[in-house]
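The structure appears right after this line, and notes come after that.
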Amino acid sequence: MESIRLGVSACLLGESVRYDGSHRFDRYLVETLGRFVEWVPVCPEVEAGLGVPREAMRLVGEREAPRLVTGRTGIDQTSRMKRWARKRIRQLGEEELCGFIFKSRSPSSGMERVRIYTAGGEPGPYGSGIFARAFMDACPLIPVEDEERMREPALRENFIERVFTFNRWRALTSRRASAAGLAGFHSDHKYLLMAHSPSHLKRLGQLVANPQKVKPSVMYASYLPLMMEGLRLKATVPKNANVLEHLLGYFKKQLSPEEKQEALGLIGRYRQGLVPLVSPVTLVRHLVRRYDEPYLSRQVYLNPHPAELMLKNHV
Ligand code: SF4
1 MESIRLGVSA CLLGESVRYD GSHRFDRYLV ETLGRFVEWV PVCPEVEAGL
51 GVPREAMRLV GEREAPRLVT GRTGIDQTSR MKRWARKRIR QLGEEELCGF
101 IFKSRSPSSG MERVRIYTAG GEPGPYGSGI FARAFMDACP LIPVEDEERM
151 REPALRENFI ERVFTFNRWR ALTSRRASAA GLAGFHSDHK YLLMAHSPSH
201 LKRLGQLVAN PQKVKPSVMY ASYLPLMMEG LRLKATVPKN ANVLEHLLGY
251 FKKQLSPEEK QEALGLIGRY RQGLVPLVSP VTLVRHLVRR YDEPYLSRQV
301 YLNPHPAELM LKNHV
């Protein structure tokens with residue numbers, strides 16, 4: 001596995017860069033996820049030259065084009081921030097990022113749900129921070145999240161799955177584009193895609209099925225946006241249970257009726273919310289090893305990220 005580089009709002013790593021010199025250290029990011037990724041910290045306000053301490057700012061004006069304005073003195077820092085963001089995003093292009101974790105609710109770094117105020121100071125609609133908006137517009141396929149949403153287990157899991165997938169994609173595209181390479185990648189991700197979106201799995205399958213008609217580079221360019229769109233959809237309990245039943249089907253000749261009943265019972269308990277997803281997944285992994293099933297041993301669905309991240313453990 002290549003090293004995974006993630007952009008992150010610097011204050012989440014404990015850097016004292018907030019307007020009042022404080023930070024927003026996030027234990028999960030630093031102590032758990034941080035063991036598996038290389039951080040690329042970014043503080044837009046400090047890097048744009050606003051210093052610490054500085055006057056707090058907020059978004060003011062229209063939802064489509066909010067201004068970044070200091071709270072007390074009313075200085076408009078929008079142009080400065082946008083100029084800096086253009087330059088910084090070009091540099092970040094060299095970093096081969098596989099994702100970005102933003103600080104929630106910040107007028108510079110917030111990914112969404114950042115309050116926009118009217119010129120008269122009344123709270124208005126929500127939008128995105130100036131830097132976060134520019135980053136997401138420039139790099140629409142790179143997975144993004146904020147630390148607040150990441151406290152929700154399903155959203156955290158979905159983001160981390162997309163990050164690890166993006167990293168495998170980067171590894172694939174670091175080699176010469178080939179129809180066989182893409183077909184292998186697609187095959188390894190079959191059940192992961194099925195857990196998120198059977199219809200995306202079908203469309204992606206059609207894309208890789210006709211290599212003689214389309215150049216590999218064209219197939220690659222169409223594959224990634226569709227794959228990321230599919231993976232953004234939630235892997236629900238019924239979709240996961242369906243995948244698990246498919247996987248169990250590979251062992252119908254090896255399992256005794258009692259063993260099969262036991263496995264189906266475990267999937268049923270997962271459906272009912274009595275056991276977490278990790279339980280039936282662990283059972284299938286065990287069957288793959290015991291019966292040496294080579295196709296399934298390559299399935300990312302069974303090992304999408306390191307076990308230490310403790311994902312798929314919630315009911
Ligand atoms: S939220 Fe963004 S701009 Fe504010 S301190 Fe954190 S990294 Fe810097």
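Numbering (the numbering used here), first residue to last: 1 to 315. Every residue, glycine too, gets a C-beta built ideally from N, C-alpha and C. Please read all numbers here as calculations on a predicted model, not as lab measurements.
Sorting Glu147, Arg170 and Leu233 by C-alpha distance to the C-alpha of histidine 200 places Leu233 at the top. Per DSSP, methionine 111 is not a residue of any alpha helix (DSSP H), being assigned neither H nor E.
Around the beta carbon of valine 218, fewer than 16 other beta carbons sit within 10 angstroms, so the residue counts as exposed. Counting only the Cα atoms, leucine 226 lies some 12 Å from glutamine 206.
Where valine 8 is concerned, the enclosing beta strand (DSSP E) starts and stops at 4-9. Along the region 128-152, the beta strand (DSSP E) occurs as fully enclosed runs of 3 or more residues at 144-146, listed in sequence order. Contact check for serine 109 against glycine 93 fails: the beta carbons are separated by 8 Å or more. Counting of Cβ neighbours within 10 angstroms places arginine 35 among the exposed residues, the total staying below 16. Taking cysteine 43 as the centre and dropping the five residues before and after it, the same chain places the C-beta of Ala10 and Val17 closer than 6 Å to its C-beta, in chain order.
DSSP places phenylalanine 102 in the uninterrupted beta strand (DSSP E) bounded by 99-102. For isoleucine 75, the number of other beta carbons within 10 angstroms of its own is below 16, and it is reported as exposed.
It is roughly 11 Å from the alpha-carbon of methionine 150 to the alpha-carbon of leucine 33. Under the three-state reduction of DSSP output, aspartate 188 falls in the helix class.
By the neighbour-count criterion, in which a residue is buried when 16 or more other Cβ atoms sit within 10 angstroms of its Cβ, asparagine 210 is exposed.
Assignment of methionine 57 by DSSP, reduced to helix, strand and coil, places it in the strand class. Taking glutamate 293 as reference, the option from Asn303, Val281 and Phe251 with the minimal CA-CA separation is Phe251. Here DSSP, grouped into helix, strand and coil, assigns threonine 118 to coil. Look at leucine 277 here: in three-state DSSP terms it is coil, with no helix or strand label.
Listed in chain order, the non-local C-beta contacts of methionine 194 below 6 Å within the same chain comprise Leu201 and Val243, local neighbours out to five positions each way being set aside. Distance from the CA of phenylalanine 100 to the CA of glutamate 47, rounded to the nearest whole angstrom, comes to 17 Å.
With fewer than 16 other beta carbons inside 10 angstroms of its own, aspartate 137 counts as exposed. Beta-carbon to beta-carbon, isoleucine 4 and valine 37 are separated by about 5 Å, close enough to satisfy the 8 Å threshold.
DSSP places glutamate 38 outside any alpha helix (DSSP H); the residue lies instead in the beta strand (DSSP E), whose first and last residues are 37-42.
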